[in-house]
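Trainee: In the working numbering, the protein residues as written are 36 to 131. Quick reminder that beta carbons are idealized off the backbone N, C-alpha and C, glycines included. Mind having a look at this structure? Questions to follow.
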């Protein structure tokens, strides 16, 4: 799986949420990560939310899209932040 993002959005996200997209992409390595469609933000494209533990041990919520490019799945990260209490509960209970 490959990852892509807008570098300006990454800089803004780092300032606003203290999470770099390099770290955010590591939640996809978490075998217990929970992913689900975000219908509220899927008007022009299907957006997803993934909640998982990063390589730094932080539980993050990552908003992203999936794109298939030349037969390969590409994850485009839109934003990332620390998970809220309700998102932590989703992760722990997998009640999606």
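(1) How long is the line joining the alpha carbons of residue 109 and residue 56, rounded to whole angstroms?
(2) Any idea if residue 72 is buried or exposed, counting beta-carbon neighbours within 10 angstroms, 16 or more meaning buried?
(3) Is the separation between the beta-carbon of residue 112 and that of residue 59 shorter than 7 Å?
(4) With a threshold of 6 Å on Cβ separation, who are the neighbours of residue 88 within its own chain once the five nearest residues in sequence on each side are excluded?
(5) Does residue 105 pass the burial test, meaning 16 or more other C-beta atoms within 10 Å, or should it be called exposed?
(6) Measure from the alpha carbon of residue 81 to the alpha carbon of each residue in 103, 61 and 62, then state which is nearest.
(7) Residue 115 and residue 96 look like a contact to me (Cβ under 8 Å); what is the Cβ gap, rounded to whole Å?
Mentor: The structure says:
(1) So the alpha carbons of these two residues sit roughly 14 Å apart.
(2) Using a 10 angstroms sphere on the CB of residue 72, the tally of other CB atoms stays under 16, which defines it as exposed.
(3) Judged by their CB atoms, residue 112 and residue 59 are nearer to each other than the 7 Å cut-off.
(4) For residue 88, the CB contacts under 6 Å within the same chain, skipping 5 residues up- and downstream, are 65 and 94 in chain order.
(5) So residue 105 counts as exposed.
(6) For the residues 103, 61 and 62, the minimum Cα distance to residue 81 belongs to 103.
(7) In this structure residue 115 is in contact with residue 96, their Cβ atoms being roughly 7 Å apart against a cut-off of 8 Å.
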